[in-house]
Amino acid sequence: MVVAARLDFVLGMVETGAQVMFSYLPNADSGKLKVKILIRETGQPPCVLFTTHGVEQVQFLRQLVSSFSVVDRGHKHTDGTMELCMWFTPHKSVLLRHDAAEFTPSCEGRSPFRRGLPLHGRVRRGTPLPSRAPSPRSRSCSSAPEAEDMPSAAAEAGASSTAHTWERKIKADKWVEHQELLLARAVAMFQYECAQIAEKEGVSQATVSFEVLSRAIEKFPKKVLKDSCYFVESFGNEVPEESWIYAVRGLEAIWTPGEPIPYQEVLHSMFLPFVAKIQMLGYSSCKHIAGTWKLTVTW
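Heads up: the sequence shown begins at 1 in UniProt numbering, then just goes up one per residue.
Following this line, the structure appears as structure tokens:
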């Protein structure tokens, strides 16, 4: 199945209400990106919030397909969960800006390349040069290069834009990885709270608040009260604020360092994947109490 068809399939599953989880695993050394998508049919009607999130993820992947070479693989597990893995490799044009930085023009006969870099086709001293017709016009270091010697402005702009997007994606993935650790702790605490309620009260139902759990999670973003509203005081030392900005608001988001971030927006961005993880634990039912950060589960 071609990549475009796979993405159409993922989008269709999102729109039908299936649980679709996206994981991004970048390799900063090679510039490659692995995207892992898990799909599980629930038989439940679509949730507007989950559908919106899934559609945004598919749209982002479609943008990457236009600038990267893609290899994909699909697999269906025995429990019915479908797994799709995609490996994105940058085109040469993406690396154009970085390659250009390795070239340094010289007007004094020195090597135009940085010391230590290979010189392909370099002529040794004492080797006679082949005869060559004289140039119709002299060329100085200050003269403009021929058009064919330089990439087009459109290619440069496209490469710069793609590289800029890729850099932001790497920063965004730092938050995604950090969020996974925080949510893993939140899920473990949720299960512990349910077990405690079942043991002490002898019931088969529990209501737990995600916001209350977050207060006890180490390295969870801290909040501060300003003008009757809660804002993020700190994301901690693990990830910078911009990582959250690009991961949640999008890679094209405009943000000024120091700009206050509503704490409720941070909670909301983590609440949806938290609910998805709880729903996959196998409880008889899992319901969100509207207008709150609480989940009610039965077993």
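Ideal Cβ positions, reconstructed from N, Cα and C, are used throughout, including at glycine.
The alpha helix (DSSP H) enclosing residue i, as first and last residue numbers
| i | result |
| --- | --- |
| F210 | 210-215 |
| L49 | 48-65 |
| G12 | 3-15 |
Top-ranked residue by Cα proximity to residue i, from the options
| i | options | result |
| --- | --- | --- |
| T52 | V71, V70, L11, R62 | L11 |
| W255 | S243, Y263, Q264 | S243 |
| Q264 | C229, N237, G250 | C229 |
| T78 | P26, E199, R40 | R40 |
| A172 | W299, L181, A247, V224 | A247 |
| E167 | T207, E252, L183 | E252 |
| P273 | G31, V3, C47 | C47 |
| residue 311 | M82, S69, R73, L84 | In the structure displayed, the chain extends from 1 to 299; residue 311 sits before or after that span and is not available. |
| L7 | P26, G31, V35 | V35 |
| C85 | V14, I289, V3 | V3 |
| Q44 | G54, G17, L61 | G17 |
| D227 | P262, R73, S285 | P262 |
| L49 | E180, F271, W299 | F271 |
| M13 | S23, G31, V55 | V55 |
| T296 | P221, H164, C194, L64 | C194 |
| E259 | S234, S269, H268 | S234 |
| E218 | R185, E241, E201 | R185 |
| K294 | A216, F190, E15 | F190 |
Residues bridged to residue i [DSSP beta-bridge criterion]
| i | result |
| --- | --- |
| F22 | I37 |
| G74 | L84 |
| residue 301 | What is shown of the chain runs 1 to 299, which leaves residue 301 out entirely. |
Classification of residue i by the beta-carbon crowding that lies within 10 angstroms, buried from 16 upward
| i | result |
| --- | --- |
| S131 | Summary for S131: the model assigns pLDDT 49, below 50, so the residue's position carries little reliability; its value from the coordinates is reported in the next sentence. Label assigned to S131: exposed. |
| Q279 | buried |
| T292 | exposed |
| Q57 | buried |
| P145 | Because P145 sits at a pLDDT of 48, beneath the cut-off of 50, its placement in the model cannot be relied upon, and the point is left open. |
| S106 | Below a pLDDT of 50, predicted positions are generally treated as unreliable, and S106, at 39, falls in that range; no measurement from the model is reported. |
| S204 | exposed |
| S236 | Sequence inspection shows Gly at residue 236; the Ser mentioned does not correspond to that position. G236 is exposed by the Cβ-count criterion. |
| I37 | buried |
| H75 | exposed |
| V212 | exposed |
| Y283 | buried |
| I289 | exposed |
| H178 | buried |
| L61 | buried |
| S66 | exposed |
| L182 | buried |
| K222 | exposed |
| V71 | exposed |
CB contact check: residue i to chain C, cutoff 7 Å
| i | result |
| --- | --- |
| E180 | Included in the structure is just one protein chain, with no chain C present. |
Residue i: first and last residue of the uninterrupted beta strand (DSSP E) it sits in
| i | result |
| --- | --- |
| T89 | 82-90 |
| L295 | 294-298 |
| K32 | No beta strand (DSSP E) holds K32; DSSP gives it neither H nor E. |
| S285 | 285-288 |
Uninterrupted beta strand (DSSP E) stretches inside the stretch 182-262 (no shorter than 3 residues): 205-209, 222-226, 229-234
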